[in-house]
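S.K.: Once you've had a glance at the structure underneath, I'll fire off some questions.
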Amino acid sequence: MPPFGGGLCSAPRLDWVRAMALQTSLQALLGCNHANTHADFRAELPAIRVPALLVHGDNDVSCPIALTAERTAALLPDARLTVYAGAPHGLPFTHAARLGADILAFVRELG
C-alpha cells in the first residue's frame, strides 16, 4: 500500500481504504491512473477566475507538494495554498477537523 496517511491513519481506516480500492474494476483503476498521469491542465489554469483553496501536506510522498500544489497555485490567478506541516497524503483522514475548518473559513471569507 502506498504511504497513504503517513502512519497517521488508524488500522480500521486503512482497511476501509484498501477494501474500497480492491472493489474497483481494473478498467476503472487503469483509466484513473491514466488520467492522473497524462492530464495536463497547465494551459487552462490561468483562465480560471474564481477563488481557489488548495490544501496540501508537505510530507505527501505520493503527490509531492513541489510538483503539484505549488505549481498549481502559481498558475491560478486567485489561489490560496494552505500547507499542513508534516502532513501526508490523505488529509480528510489524517487532519479532518482542521481541513473542515479551513474549508469553512475560506467559504465564509467569500461571503
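Per my numbering, residue 79 is the first one in the sequence shown, and the count goes up by one each step. Note that the Cβ used here is the ideal one computed from N, Cα and C, for glycine as well. All values derive from a computational prediction rather than experimental measurement.
Compare the C-alpha of residue 55 against each of 90, 175, 112 and 117 and name the closest.
M.R.: The shown model of the chain, from 79 to 189, leaves out residue 55, and the question about it has no answer.
S.K.: Any idea what DSSP makes of residue 150, helix, strand or coil?
M.R.: As a first step, residue 150 is located in the sequence shown; it is residue number 72 there, counting from the start. Correct three-state label for residue 150: helix.
S.K.: Between the alpha carbons of residue 94 and residue 119, how many angstroms are there, rounded?
M.R.: Taking the sequence shown and counting its residues from 1, one reaches residue 94 at position 16. Taking the sequence shown and counting its residues from 1, one reaches residue 119 at position 41. Cα-Cα distance, rounded: 31 angstroms.
S.K.: Report yes or no: do the segment 152–162 and the segment 114–134 share at least 3 C-beta pairs separated by less than 8 angstroms?
M.R.: yes
S.K.: Could you have a look at residue 79 and say whether DSSP puts it in helix, strand or coil?
M.R.: Along the sequence shown, one-based indexing puts residue 79 at 1. Residue confidence is low: residue 79 scores 41 on pLDDT, short of 50, so the model does not pin down where it sits. Its coordinate-derived value is still stated next. Reduced to three states, the DSSP call for residue 79 is coil.
S.K.: Just verifying my parser: in three-state terms, what is the DSSP assignment at residue 159?
M.R.: Numbered from 1 along the sequence shown, position 81 holds the residue referred to as residue 159. Correct three-state label for residue 159: strand.
S.K.: Report the CB separation of residue 136 from residue 164 in whole angstroms; it is logged as a contact under 8 angstroms.
M.R.: Residue numbering aside, residue 136 sits at position 58 when the sequence shown is read from its first letter. Residue numbering aside, residue 164 sits at position 86 when the sequence shown is read from its first letter. The Cβ separation is near 7 angstroms, so the contact holds.
S.K.: Using a Cβ-Cβ cut-off of 8 angstroms (strictly less than) and excluding sequence neighbours within five positions of residue 85, which residues of its own chain qualify?
M.R.: Translated into the one-based positions of the sequence shown, residue 85 becomes position 7. Excluding positions up to five away in sequence, the list reads 166.
S.K.: By DSSP's criteria, residue 135 is part of a beta bridge. Which residues make up the other side?
M.R.: If you number the sequence shown from 1, residue 135 lands on position 57. In DSSP, residue 135 forms a bridge with 162.
S.K.: Roughly how many angstroms lie between the CA atoms of residue 92 and residue 187, to the nearest whole one?
M.R.: For the purposes of this step, residue 92 is taken as residue 14 along the sequence shown, with counting starting at 1. For the purposes of this step, residue 187 is taken as residue 109 along the sequence shown, with counting starting at 1. Their backbone Cα atoms lie some 34 angstroms apart in a straight line.
S.K.: Got a sec, what are the start and stop residues for the alpha helix (DSSP H) residue 178 sits in?
M.R.: As a first step, residue 178 is located in the sequence shown; it is residue number 100 there, counting from the start. Element bounds for residue 178: 174–188.
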